[in-house]
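> Position in the sequence shown (first residue = 1) + 523 = this note's numbering.
Just so it is clear, CB atoms sit at the ideal spot from N, CA and C, and this is done for glycine as well.
Predicted model only: the values in this text are computed from it and were never measured.
Dropping the structure in here first, questions after.
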Amino acid sequence: MIVENREMVKHLIQLSLLEFTDEYVKCHKIADEPAMALRAQCYVTANTMFSECTAKLDQLDKLFRTTLHIPANVLLPSDLLHKKKYTAEQVTALEDKVAELDKQFRRDGIFLAMLQDEIEVHDRLADCIDSEQKLMELAEQYRREDIVPEEDVALVDDLAEVMQDVLRS
């Protein structure tokens, strides 16, 4: 049996004993100092239990090796995936395709980021256009109500024309 499996069994024995001891301490309301002494003995007891299990684990290991042994001439389903051989040209072509797709992915990411930036610019421009529209309406209202002096009317008209040109473009 693999060394990790033996360590796992040992660890499980220790955890089981510790859990049992904690429940025992809780149920019988044992004081802290004696409870710590009980918990300390868990590791010693777990090691003793594990050493007693070693002979049985060896037998189990031997049984696994004899019954679950896969002969070298037997292919598993996962081995069938590796059975197909690729030529160097095919490997190179696949690597080139992966590199090309990676570049395309990066370009698409950059393009998407640019589009998102452009959407943000359009949103900010929409606010500016709304403000300009309100300004033009206010200028037109001032012109109609003769609030602006006569000499400034030409300036307001020129400003309105410039704003109209900006809105059209």
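1) Comparing C-alpha positions only, which one of R630, S654 and L540 sits nearest to T571?
2) Tell me which residue opens and which closes the alpha helix (DSSP H) that N570 is part of.
3) If you check the beta carbons only, do Q537 and C576 fall under 8 angstroms apart?
4) Looking only at its chain, what residues have a beta carbon closer than 7 angstroms to the beta carbon of M659, apart from the 5 residues adjacent to it on each side?
5) For V685, which three-state DSSP category applies?
6) Assign A569 to one of two classes, buried (16 or more other C-beta atoms within 10 Å of its C-beta) or exposed (fewer than that).
7) V567 and A558 - do their beta-carbons sit closer together than 8 angstroms?
8) So for M524, helix, strand or coil by DSSP?
9) Using C-beta distances below 6 angstroms, list every residue in its chain close to L561, excluding the 5 sequence neighbours before and after it, in chain order.
Reading off the structure:
1) Counted from its first residue, the sequence shown places residue 571 at position 48. Nearest of R630, S654 and L540 to T571, Cα basis: L540.
2) The residue labelled residue 570 in the question sits at position 47 within the sequence shown. Taken as a continuous stretch (DSSP letters only), the alpha helix (DSSP H) holding N570 covers D555 to T590.
3) Translated into positions along the sequence shown, residue 537 becomes position 14. Translated into positions along the sequence shown, residue 576 becomes position 53. Their beta carbons are not under 8 angstroms apart, which means Q537 does not touch C576 by this criterion.
4) If you number the sequence shown from 1, residue 659 lands on position 136. Correct list, in chain order: A683 and M686.
5) Within the sequence shown, the letter at position 162 stands for residue 685. Three-state result, V685: helix.
6) In the sequence shown, counting from the first residue as 1, residue 569 sits at position 46. So A569 counts as buried.
7) Taking the sequence shown and counting its residues from 1, one reaches residue 558 at position 35. Taking the sequence shown and counting its residues from 1, one reaches residue 567 at position 44. Not in contact: A558 and V567 (Cβ atoms no closer than 8 angstroms).
8) Position 1 of the sequence shown, counted from the start, is the residue given in the question as residue 524. Low per-residue confidence applies at M524: pLDDT is 49, beneath 50, and the placement is therefore not dependable, though the value from the model is reported in the following sentence. Three-state result, M524: coil.
9) As a first step, residue 561 is located in the sequence shown; it is residue number 38 there, counting from the start. Result list for L561: T544, in chain order.
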